[in-house]
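>
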Amino acid sequence: MPTFPLLAVDIGNTSTVLGLADETQSLTHTWRVRTNRDALPDDLALQLHGLFSVAGAQMPRSAILSSVAPPVGENYALALRRHYGVEAFSVSAMNLPDVTVELDTPDAVGADRLCNLFGAEQYLDRHEYAVVVDFGTSTNFDVIGRGRRFVGGILATGAQISADALFSRAAKLPRITLEAPASAIGKNTVHALQSGLVYGYAEMVDGLLRRIRAELPGPAVAVATGGFARTVETICQEIDYYDETLTLRGLVEMWASR
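Residue numbers for the sequence shown follow this note's numbering, so the first one is -1 and each next one is one higher.
1) If you follow the alpha helix (DSSP H) that V221 is in, where does it begin and where does it stop?
2) Going by DSSP in three states, G248 sits in which element: helix, strand or coil?
3) Alpha carbons only, please: which of E21, Q23 and T14 is nearest the one belonging to V31?
4) Leaving out the 5 sequence neighbours to the left and right, which residues in its chain are closer than 8 Å to T176 when beta-carbon positions are compared?
5) Just curious, the alpha helix (DSSP H) that Y127 is in, first and last residue?
6) The beta strand (DSSP E) with I233 in it runs from where to where?
7) List in chain order: all unbroken alpha helix (DSSP H) runs of 4+ residues lying wholly within the region 0 to 59.
8) Do A128 and V66 have their C-beta atoms closer together than 8 Å?
9) What residue range does the beta strand (DSSP E) around S136 cover?
10) Quick one: what does DSSP say I210 is sitting in, helix, strand or coil?
11) Which residue comes first and which comes last in the alpha helix (DSSP H) that contains G117?
12) If distances are taken between C-alpha atoms only, which option among E242, G216, A222 and I233 comes closest to R124?
13) Leaving out five residues before and five after N138 in sequence, what residues of the same chain have Cβ atoms less than 7 Å from its Cβ?
14) If you count every other CB in all the chains shown that lies within 10 Å of the CB of T103, and 16 or more means buried, which is it?
15) Are the CB atoms of T98 and R144 within a distance shorter than 8 Å?
16) Contact between the region 54 to 73 and the region 2 to 14 is defined here as three or more beta-carbon pairs at a separation below 8 Å; is this criterion met?
17) Within its chain, find whatever has a CB closer than 8 Å to the CB of S255; leave out the 5 residues flanking it on each side and keep chain order.
18) Nearest to P68 by CA position, among N11, C234 and S24, is which residue?
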């Protein structure tokens, strides 16, 4: 039975990113949709059909899923089985024998972080380590060593979550767009909030990357991915590369290495 097109699905707490890969393992289509924990398998099958139809894409012949939002992952797997005849492979630390997870509890590592491990491999050519900064609902710093080692990392509150918490506790503050203002010193409330939430967040990222690099025994390349990455692309000084499809590509490479 043909393997391709391969559907890769990365289900996060806020967004779900999907991609179709061809025989060359290249992503031919990508989509980003809102994660809906209430969606049933038939709802998700309709969503998938709509995405494929609008893009003029072929139906998938195989699939790989990464999910941190149960039961959405299980419902995608059911949708693919019932409506497409595809048995999806669900990522976990326990079914990747060539990966070494150097954590106190190896099976506690999130599936998305294992995908980042595979996606970051191309950046390890000249470095012993890579740090993937994944800007999602939370911001994850995943420290990866050559030889598919998941060394550890840092979990921080996501920028949008920080903003939402501030607005919910301070009723008079206006809700704003998370974008960088022209200067760090704000001349009005909106610009002052944008400075604190964007420049302040970027400084947190740079500071944590410096701390991580100081603790590693060798040089580390830093790669950013996730929805908020583009907002801080010209601000963070410690990030070397920005890669929007790193997690999806990691899923495809994980599938190919099974």
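Even glycine gets a Cβ: it sits at the ideal position worked out from N, Cα and C.
Values in this document were obtained by computation on a predicted structure and should not be read as measured data.
On the basis of the coordinates in this document:
1) Element bounds for V221: not the alpha helix (DSSP H) but the beta strand (DSSP E), A218 to G224.
2) helix
3) T14
4) The question names Thr, but residue 176 in the sequence shown is Leu. Within the same chain, Cβ atoms closer than 8 Å to the Cβ of L176 are found at A157, Q158, A161, Q192, L195, V196, F226 and T229, the five residues on either side in sequence being excluded.
5) For Y127, no alpha helix (DSSP H) encloses it; the enclosing beta strand (DSSP E) starts and ends at Y127 to F133.
6) Secondary structure note for I233: it is in no beta strand (DSSP E), with a DSSP letter that is neither H nor E.
7) 39 to 53
8) no
9) S136 to G143
10) helix
11) It spans A109 to G117 - the alpha helix (DSSP H) in which G117 sits, taken as one unbroken run.
12) G216
13) Closer than 7 Å at Cβ, skipping near neighbours: R111, D132, G151 and L153.
14) exposed
15) In this structure, the beta-carbon distance from R144 to T98 does not fall below 8 Å.
16) yes
17) D96 and F116
18) Among N11, C234 and S24, the Cα nearest to that of P68 is on N11.
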